[in-house]
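Undergrad: Let me give you the structure first, and then I'll get to my questions.
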Amino acid sequence: MFWLFWAGLACAREPEILHSELHRAADGVQLSVRLALEPAPAVEDVLHKGVPIYFVWEADVVRERWYWTDKRISSVSRTLRLAYQPLTRRWRVSLSTDGSASATGLQYALHQSFDSLDEALVGVGRVAGWQVVEPGRLDEDSPHKLQWRFRLDLSLLPRPFQIGMASQPGWNVEVERTMDVPAHNEGDAAAGGEAR
654 MFWLFWAGLA
664 CAREPEILHS
674 ELHRAADGVQ
684 LSVRLALEPA
694 PAVEDVLHKG
704 VPIYFVWEAD
714 VVRERWYWTD
724 KRISSVSRTL
734 RLAYQPLTRR
744 WRVSLSTDGS
754 ASATGLQYAL
764 HQSFDSLDEA
774 LVGVGRVAGW
784 QVVEPGRLDE
794 DSPHKLQWRF
804 RLDLSLLPRP
814 FQIGMASQPG
824 WNVEVERTMD
834 VPAHNEGDAA
844 AGGEAR
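Numbers given in the numbering used here equal positions in the sequence shown, counted from 1, plus 653.
The following block contains the structure:
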């Protein structure tokens with residue numbers, strides 16, 4: 654009994670951050686993150702039965718204020734649907750940038766197929782050049798922070814799977830970080846360095 658409990662805890666560790674970078678350019682602030690994901694056996698079993706699971710990337714840019722709570726400048730999210738297709742024996746990852754809809758109402762903008770679950774998880778656990786705030790939205794004289802979060806969204810699972818899942822450690826997949834937004838565009842800093 655103790656061994657089963659310990660094995661469940663071992664599978665519930667948060668995703669490892671392999672790379673995390675924030676880039677500020679003329680076209681806005683872009684986030685790039687790469688995670689190492691290892692699903693618990695219970696999650697993998699549900700996937701092999703053809704039940705899709707949903708992962709959500711969320712990012713908020715806030716302006717720090719000493720006299721009040723921080724002001725949210727931008728909030729973006731993207732939902733990734735991971736599903737096994739038994740007929741083709743392939744894994745499909747679908748991307749939706751409509752974070753406000755339910756699982757049935759999500760509009761997917763991109764679909765990608767993979768040969769293995771490991772390859773699909775690499776695609777799910779990576780964002781590259783994701784624009785988290787548009788140019789001109791940041792106050793040049795104030796410090797800004799980016800708070801990003803990656804999680805398995807249990808609320809988008811079919812109802813029978815939602816019951817009791819939150820208390821099972823293998824289903825609690827979540828990681829979040831806070832990063833400083835660079836004060837200036839990297840192009841401006843490079844131009845300033847060349848002028849000297």
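No residue lacks a Cβ here, since even glycine has one placed at the ideal position from N, Cα and C. For clarity, every value in this text was computed on a predicted model and none was experimentally measured.
Is it right to say TYR737 is buried, meaning 16 or more other beta carbons lie within 10 angstroms of its own, or is it exposed?
TA: With 16 or more other Cβ atoms within 10 Å, it is buried.
Undergrad: Whose C-alpha, out of ILE706, SER673 and PRO668, is nearest the C-alpha of ALA781?
TA: Of ILE706, SER673 and PRO668, the residue nearest in Cα terms is SER673.
Undergrad: Less than 7 Å between C-beta atoms, sequence neighbours within five positions excluded: which residues of the same chain meet that for ARG718?
TA: So the qualifying residues of the chain are LYS724.
Undergrad: Tell me which residue opens and which closes the beta strand (DSSP E) that VAL900 is part of.
TA: Missing from the structure shown is residue 900; the chain here goes from 654 to 849 and no further.
Undergrad: If I measure Cβ to Cβ from TYR707 and keep anything under 8 Å in the same chain, skipping five residues before and after, which residues do I get?
TA: The answer, listed in chain order, is THR732, LEU733, ARG734, LEU735, ALA756, LEU805, ASP806, LEU809 and LEU810.
Undergrad: Could you pull the start and end residues of the beta strand (DSSP E) that GLU674 belongs to?
TA: GLU674 -> beta strand (DSSP E) spans 669-678.
Undergrad: For VAL686, is the beta carbon positioned less than 7 Å from some heavy atom of the ligand MN?
TA: Looking for the ligand MN in the displayed structure turns up nothing, as the structure carries no ligands at all.
Undergrad: Of the residues GLU711, PRO739, VAL696 and ARG677, which one's Cα is nearest the Cα of PRO822?
TA: Taking only the C-alpha atoms, the option nearest PRO822 is VAL696.
Undergrad: Between the C-alpha atoms of ASP833 and PRO788, what's the straight-line distance to the nearest angstrom?
TA: Each residue's Cα considered, the two are about 17 Å apart.
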